[in-house]
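The numbering used here applies: residue 64 is where the sequence shown begins, and numbers increase by one.
A short write-up of the structure that comes next.
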Amino acid sequence: MDDGGGAGTAAGVNGSAVGTRLIVDIANVMGSRPDGWWRDRAGAANRMLAALPPLVGREVRGPDGAALCIVELVAVIEGAAKAAARPEGITVVAAPADGDGSIVEIAGSEASDRPTLVVTADRGLRARLATGVLVVGPGWLNDLLGR
Numbered sequence: 064m065d066d067g068g069g070a071g072t073a074a075g076v077n078g079s080a081v082g083t084r085l086i087v088d089i090a091n092v093m094g095s096r097p098d099g100w101w102r103d104r105a106g107a108a109n110r111m112l113a114a115l116p117p118l119v120g121r122e123v124r125g126p127d128g129a130a131l132c133i134v135e136l137v138a139v140i141e142g143a144a145k146a147a148a149r150p151e152g153i154t155v156v157a158a159p160a161d162g163d164g165s166i167v168e169i170a171g172s173e174a175s176d177r178p179t180l181v182v183t184a185d186r187g188l189r190a191r192l193a194t195g196v197l198v199v200g201p202g203w204l205n206d207l208l209g210r
């Protein structure tokens, strides 16, 4: 089991990890680190998106400490970040308006029968998510990515 750093193991090895869909509010996670992202939003989004594909298949601890395996990863981008490249292995959604609306729609979609975990610190977005959707702050993902 991976608690945030390291490679982790694939789901099914010990059967205890729950296959989970991870939805990332890219703008919110980028904004959580004052690393100059605002000078080049598309470039910062490129770096963030490029770091995400290795998380698919990775077993991690969820916000409640339960074992999760990230089996699907959706990254939502908006504004200038929509110019970012789309790496293989994850789904990148360019929000037609605000990213929050797209995240609420994706998290509430019946297309996935998996538990959903959303990464955001946005309190307004958190309040709009359906009951049962788990939420973690950007620090959780930043720890996984070593940033």
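Even for Gly, the Cβ is constructed at its ideal location relative to N, Cα and C.
Values in this document were obtained by computation on a predicted structure and should not be read as measured data.
Closest Cα partner of residue i within the set the options
i, options, result
"residue 103", "207, 139, 132, 143", "143"
"residue 196", "178, 209, 122", "178"
"residue 107", "118, 93, 120", "93"
"residue 141", "186, 105, 121, 182", "105"
"residue 209", "117, 145, 193, 147", "117"
"residue 147", "100, 123, 119", "100"
Short Cβ contact (9 Å threshold) for residue i with residue j
i, j, result
"residue 139", "residue 162", "yes"
"residue 181", "residue 190", "no"
"residue 159", "residue 183", "no"
"residue 121", "residue 188", "no"
As assigned by DSSP and simplified to three states, the class of residue i
i, result
"residue 210", "coil"
"residue 188", "helix"
"residue 64", "With a pLDDT of 49 at residue 64, under the threshold of 50, the predicted position of this residue should be treated as unreliable, and no value is reported."
"residue 144", "helix"
"residue 107", "helix"
For residue i, the residue or residues it bridges with in DSSP
i, result
"residue 85", "136, 180"
"residue 124", "130"
"residue 197", "180"
- [ ] Check whether the region 105-115 touches the region 123-132, counting contact only when three or more Cβ pairs, one atom from each stretch, lie closer than 8 Å.
- [x] Fewer than three Cβ pairs drawn from the region 105-115 and the region 123-132 lie within less than 8 Å of each other, which leaves the two stretches out of contact.
TODO: Count the C-beta pairs between the region 77-91 and the region 156-170 that are closer than 8 Å, then say yes if the count reaches three, no if not.
DONE: yes
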